[in-house]
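Residue numbers (our numbering): 767 to 1009. All C-beta atoms in this analysis are idealised placements derived from N, C-alpha and C, irrespective of residue type, glycine included. All remarks here apply to the structure that follows.
Following this line, the structure appears as structure tokens:
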């Protein structure tokens, strides 16, 4: 079981890095690579791939599904398998994406490219920082797979003091920060951005309200969801509850 967890963890992390390289066209067949076809079947294929990812990613995170799923898989592997399934769906996107290579924008200036790649690095760094602040081993499922079942506390640390969902904020920067934006890339970024916002606000926050109660409702009232306030400072650092 531990070997499976380590292999799944390694594949999941590698796939996330590969996906970033894919949308930046840094892989042998990037998001704009391959033989283009008529826009209508290409659009249908790409939307189908994105819908499959979003549906599975949201469904597997819901408490009702987890209760059913835990009747089939060991609790210690639930989080690892969740990450593995998401990574496999990202792999399907990379393998079967149908390119729409017409360009929306092209930034040629060295300063513009540096700013966009800087935003990409900031987005990636924000994701890593956010995961680290909520316990990397717990978030990825390794802690559970190795028999440590203590849940992470509801903690306000690092970027969570400025925004409630910094992982999604970082993801948006990663999705949009590119000097060459094609229609296909814009489609992927638009759908995943909309999915991140809607799934977070309509599903994840509803679950957090039920799970954490008044502590989370106070936090939600004080801290914006994705974009930090220009003025007003950060929420005080603390840890309120162990789930």
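Considering only their Cβ atoms, is the gap separating residue j from residue i smaller than 8 Å?
i           : j           : result
residue 991 : residue 967 : yes
residue 868 : residue 943 : no
residue 865 : residue 798 : yes
residue 771 : residue 851 : no
residue 924 : residue 890 : no
residue 849 : residue 906 : yes
Given 7 Å as the limit, tell me if residue i has its C-beta closer than that to any heavy atom belonging to the ligand MN.
i           : result
residue 970 : Absence of the ligand MN from the depicted structure is noted, as is the absence of any ligand whatsoever, leaving it without description.
Determine the extent of the beta strand (DSSP E) in which residue i is found, giving its start and end residues.
i           : result
residue 869 : 869-872
Count the other C-beta atoms from every protein chain shown that fall within 10 angstroms of the C-beta of residue i, then say buried if there are 16 or more, exposed otherwise.
i            : result
residue 940  : buried
residue 788  : buried
residue 804  : exposed
residue 995  : exposed
residue 814  : exposed
residue 819  : buried
residue 774  : buried
residue 810  : exposed
residue 837  : exposed
residue 956  : exposed
residue 927  : buried
residue 877  : exposed
residue 783  : exposed
residue 769  : exposed
residue 989  : buried
residue 1009 : A caution first: residue 1009 carries a pLDDT of 33, below 50, which makes its placement in the model unreliable, though a value can still be read off. Residue 1009 comes out exposed.
residue 800  : exposed
residue 871  : exposed
residue 1007 : Reliability fails at residue 1007, whose pLDDT of 42 lies under 50, so the model's placement of it is uncertain and the value that follows must be treated cautiously. Its Cβ having fewer than 16 others within 10 Å, residue 1007 is exposed.
residue 812  : buried
residue 938  : buried
residue 861  : exposed
From what residue to what residue does the alpha helix (DSSP H) around residue i run?
i           : result
residue 846 : 844-862
residue 906 : 902-906
residue 878 : 876-899
residue 938 : 932-942
residue 792 : Run containing residue 792: none; DSSP gives neither H nor E here.
residue 829 : 829-835
residue 819 : 805-825
residue 866 : Taken as a continuous stretch (DSSP letters only), residue 866 belongs to no alpha helix (DSSP H), as it is neither H nor E.
residue 977 : 971-978
Tell me residue i's beta-bridge partners as DSSP assigns them.
i           : result
residue 947 : 871
Problem set entry | the region 829-848 in contact with the region 901-916 per 3-pair CB rule at 8 Å | yes
Exercise. Quick check: the region 961-976 against the region 876-886, are there 3 or more CB pairs under 8 Å?
Worked result: no
For this session: Determine, using beta-carbon pairs with one atom in the region 821-833 and one in the region 896-903, whether at least three such pairs fall under 8 Å.
Result: no
For this session: Report yes or no: do the region 925-939 and the region 771-779 share at least 3 C-beta pairs separated by less than 8 Å?
Result: no
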